[in-house]
Amino acid sequence: MLVRFFLDLRAGGVPVTLPEFLSLLEALDARVASLSAEDFYHLARVCLVKDERHYDRFDRVFAEHFKGAEKLFEAFGVSVPDEWLRALAERVLTEEEKARVKALGGWDKLMETLRQRLAEQQERHEGGSKWIGTGGTSPFGAFGYNPEGVRIGQPGSRHRRAVKVWERREFANFDDTLELGTRNFKMGLRRLRRFAREGAAEELDLDGTISATARNAGYLDLKLVPERRNAVKVLLLLDVGGSMDDHVRVCDELFSAARTEFRHFEHFYFHNFPYESLWKDNRRRQTERIATDQLIRTYGPDYRVIFVGDATMSPYEITMAGGSVEHWNAEAGVVWLQRLTAHFRHFVWLNPEPVERWDHTPSIALTRELVEERMYPLTLAGLDRATAELRRRGTAAPPAVAGTNPLPPP
Amino acid sequence: MKPTRFSGTERYIATPELAMAVNAAVTLARPLLIKGEPGTGKTQLAEEIAATLQRPLHEWHIKSTSKAQQGLYEYDAVSRLRDSQLGEGRVHDIANYIVKGKLWEAFQSDVQPVLLIDEIDKADIEFPNDLLRELDRMEFYVYETRELVKAKHRPIIVITSNNEKELPDAFLRRCFFHYIRFPDGETMRRIVDVHYPGLKRELLAEALAAFFRLREVPGLRKKPSTSELLDWVKLLVAEDIPPEALRGDDAKKTLPPLYGALLKNEQDMHLVEQVMFLSRRAR
Chain A
600 MLVRFFLDLR AGGVPVTLPE FLSLLEALDA RVASLSAEDF YHLARVCLVK
650 DERHYDRFDR VFAEHFKGAE KLFEAFGVSV PDEWLRALAE RVLTEEEKAR
700 VKALGGWDKL METLRQRLAE QQERHEGGSK WIGTGGTSPF GAFGYNPEGV
750 RIGQPGSRHR RAVKVWERRE FANFDDTLEL GTRNFKMGLR RLRRFAREGA
800 AEELDLDGTI SATARNAGYL DLKLVPERRN AVKVLLLLDV GGSMDDHVRV
850 CDELFSAART EFRHFEHFYF HNFPYESLWK DNRRRQTERI ATDQLIRTYG
900 PDYRVIFVGD ATMSPYEITM AGGSVEHWNA EAGVVWLQRL TAHFRHFVWL
950 NPEPVERWDH TPSIALTREL VEERMYPLTL AGLDRATAEL RRRGTAAPPA
1000 VAGTNPLPPP
Chain B
336 MKPTRFSGTE RYIATPELAM AVNAAVTLAR PLLIKGEPGT GKTQLAEEIA
386 ATLQRPLHEW HIKSTSKAQQ GLYEYDAVSR LRDSQLGEGR VHDIANYIVK
436 GKLWEAFQSD VQPVLLIDEI DKADIEFPND LLRELDRMEF YVYETRELVK
486 AKHRPIIVIT SNNEKELPDA FLRRCFFHYI RFPDGETMRR IVDVHYPGLK
536 RELLAEALAA FFRLREVPGL RKKPSTSELL DWVKLLVAED IPPEALRGDD
586 AKKTLPPLYG ALLKNEQDMH LVEQVMFLSR RAR
């Protein structure tokens, strides 16, 4: 009973486990719900879904399952490699071109045609107006424009026009990075904790009490010490706007995780690359800026600096004075980055772009060199390595010791 | 005969989904995790369940320094030490120094109680993990007295969260979950009706319109919620603001009267002023 529903939910990306499913059966057995479909829907949701973010997925599976409809897409045996669909560029069509895009008739016909195309097509395709790929005007594929298009493997609509979303779980690569929840980030950031005692005395100091009591001829003399607190200081510098739009979500989560995890936490924004000034409130970036010089003066070298940015831009924006896309910068970005890294010795650069793309983007390679290879992908594994890096630099003696061991006397 | 089903009270409007979630949790004696925007009545729910089903209510409010152990029991070693120096007789029984926590109190209740664990997301990130066995089996072990405390009746546990921290999966698996959606216009009218029955129709309609208009301003840090609306309506009534002041072209272009009850930080106020200013200029 309902086992297929359970399996469908799991296939549909709702993280349901067996005990939860059993408790639904138990609730049905206890007649919690009457025999109406709506009651059953609410009951099933209460038992099986534990996060409001999954409500939508649940709704979709529920609707599909209980309509008794055959799954529309099971018929397609062909799997579409997600490489085809990776968005390298979104072609922006002119109004005129948009007007010329003709919709292909009804939904059924669209699906029928899609099936044929999938069978016919043999390789990755981009642009054009017939094959499935990215950035084209064919009704099939991602990041393109066609008023009646079918989206394949693209979360979040670009033009918000697709008639139906077809998200196959095979394209899970993208989703896997999304699964990186705030909690995971926090667990990752936890490694960075270093404890120190500060604040009001509120914890019993056992050793101190014993010795004080002994001195006090056996009469109790309580000693208190301040509680241990997270003493790591973190400065988060975030790239916003432009190419970072695609990564807003994951950066948001990192930000909220970091903010609650550290007592000393400051954040600043920059656009593409840090120049002579940064800002704190994105809405007032034009009026309220803080000079990078001042930042360096204000926060001591004991702050750990985490840069977050995709470092994807024209290399001139890094190397040349006046290269910034936003304003005239008197000194090149590379100079400012070097000033920052010289002052803050503990720093890492987290890059939300997938690692495979790093080598193909000159500006990433350049930035990576500038940050002394301390660039890590913004994934759990990357975050782990980044915090390990920050910690290692934190506990080790000054770098002068490493590698400059004096030769043993002859 | 005590009522066994929950369907809201005369002071508390519960949607059918919420009632279903509560009844499922009560019937199967599982903890119910309630999330939702601040001010949608999460904490109040536990009080209303206790009132409807006529059960005692135990409240455990979580702070950032709360430890799971505090909910079970604490061993007051310091007063025992002091007593021993003063030569008190009761010092020989360690049980005298075990201070019961909220969970223990709830476990000992002679009728099935309601236990509210309020704002669990405020606590340390490991807090929910430390309560897994207690919530699952409804029992725990007191090491000092070698005693197993078992619940006489599995309490009805209501847990609220504001989503400040994510809760671990193992914890979530043991709970039922309901997300209180922000009420739509119709439910909102019923809620205000319940709280201010004598309210003039006109004023209510205008107040609600202004309220929902304000909620739609994009980028607000803290959208005004039900409890803020109720406060605001109370103020409107107390100040005897006529419905006309909330209506008309001007009302759409300026801040509503007594807006301090609705907007809780200055950034939001600036933002709304800005939006109003722009729409005035566009006219």
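Taken in sequence, the protein lines are chains A and B.
Every number in our numbering is 599 more than the matching position in the first sequence, counting from 1.
Every number in our numbering is 335 more than the matching position in the second sequence, counting from 1.
Just so it is clear, CB atoms sit at the ideal spot from N, CA and C, and this is done for glycine as well.
Chain A within 8 Å of residue i, Cβ atoms only
i                 : result
Glu608 of chain B : no
Val493 of chain B : no
Val507 of chain B : According to the sequence provided, residue 507 of chain B is Leu. The question's Val does not apply to it. Yes, because at least one Cβ of chain A sits closer than 8 Å to the Cβ of Leu507 of chain B.
Arg302 of chain B : No information on residue 302 of chain B is available, as it lies outside the stretch 336 to 618 that chain B covers here.
Lys500 of chain B : yes
Phe517 of chain B : no
Thr387 of chain B : no
Leu613 of chain B : no
Lys535 of chain B : no
His488 of chain B : no
Val434 of chain B : no
Gly374 of chain B : no
Tyr531 of chain B : no
Asn358 of chain B : yes
Lys370 of chain B : yes
Any C-beta of chain B under 8 Å from that of residue i
i                 : result
Leu777 of chain A : Any answer about Leu777 of chain A is weak, because its pLDDT of 40 lies below 50 and its placement is not dependable; what the coordinates show is given next. Leu777 of chain A does not count as touching chain B.
Asp638 of chain A : yes
Ser962 of chain A : no
Ala626 of chain A : yes
Thr940 of chain A : no
Ala629 of chain A : yes
His641 of chain A : yes
Gly755 of chain A : Legend: pLDDT at Gly755 of chain A = 38, less than 50; position of this residue unreliable, no value from coordinates given.
Tyr898 of chain A : no
Cys646 of chain A : yes
Glu619 of chain A : yes
Lys649 of chain A : yes
Ser923 of chain A : no
Thr986 of chain A : no
Ser622 of chain A : yes
Leu982 of chain A : no
Ala910 of chain A : no
Leu886 of chain A : Position check: residue 886 of chain A holds Thr in this sequence, whereas Leu was assumed. Not closer than 8 Å to any Cβ of chain B, the Cβ of Thr886 of chain A fails to qualify, so no.
Beta-ladder partner(s) of residue i, from DSSP
i                 : result
Gly371 of chain B : B:Ile515
Met974 of chain A : A:Trp948
Val493 of chain B : B:Leu367 and B:Leu451
His393 of chain B : B:Leu450
Phe864 of chain A : A:Val833
Ile433 of chain B : B:Tyr410
Ile890 of chain A : Correcting the residue type first, residue 890 of chain A is Ala in the shown sequence and not Ile. Ala890 of chain A is bridged to A:Ser876.
C-beta contact flag for residue i and residue j at 8 Å
i                 : j                 : result
Thr495 of chain B : Thr400 of chain B : no
Lys398 of chain B : Lys457 of chain B : yes
Met355 of chain B : His641 of chain A : yes
His945 of chain A : Leu989 of chain A : yes
Tyr531 of chain B : Val572 of chain B : yes
Leu877 of chain A : Phe864 of chain A : no
Lys557 of chain B : Asn600 of chain B : yes
Ile515 of chain B : Thr375 of chain B : yes
Leu451 of chain B : Glu372 of chain B : no
Val434 of chain B : Tyr408 of chain B : yes
Leu834 of chain A : Tyr898 of chain A : yes
Leu539 of chain B : Arg525 of chain B : no
Leu367 of chain B : Val357 of chain B : yes
Expected contact under 8 Å - CB spacing of residue i and residue j to nearest Å
i                 : j                 : result
Ala385 of chain B : Val449 of chain B : 4 Å
Phe872 of chain A : Glu916 of chain A : 6 Å
Glu479 of chain B : Ile429 of chain B : 5 Å
Thr350 of chain B : Glu383 of chain B : About 13 Å; that fails the 8 Å criterion.
Ser444 of chain B : His488 of chain B : 7 Å
Glu925 of chain A : His870 of chain A : 6 Å
Pro559 of chain B : Leu507 of chain B : Between Leu507 of chain B and Pro559 of chain B the Cβ distance is about 29 Å, and since that is not below 8 Å, they are no contact.
Pro578 of chain B : Glu541 of chain B : 5 Å
Proximal chain C residues relative to residue i, where beta-carbon distance stays under 8 Å
i                 : result
Thr616 of chain A : In summary, chain C is missing from the structure at hand, where the protein chains are A and B.
Problem set entry | Contact the region 462 to 475 of chain B vs the region 337 to 354 of chain B: 3+ CB pairs below 8 Å | Output reads no: the region 337 to 354 of chain B does not touch the region 462 to 475 of chain B.
Problem set entry | Contact the region 891 to 904 of chain A vs the region 936 to 956 of chain A: 3+ CB pairs below 8 Å | Touching, yes.
For this session: Assess, as a yes-or-no matter, whether the region 942 to 951 of chain A is touched by the region 902 to 913 of chain A under the definition of 3 or more beta carbon pairs within less than 8 Å.
Result: yes
For this session: May I ask you to verify whether the region 434 to 442 of chain B touches the region 417 to 426 of chain B, counting CB pairs closer than 8 Å and requiring at least 3?
Result: no
Exercise. So, do the region 803 to 819 of chain A and the region 831 to 841 of chain A have three or more beta carbon pairs nearer to each other than 8 Å?
Worked result: Counting Cβ pairs under 8 Å, fewer than three are found: no touch.
Exercise. Touch check for the region 643 to 651 of chain A and the region 605 to 616 of chain A: three-plus C-beta pairs under 8 Å?
Worked result: yes
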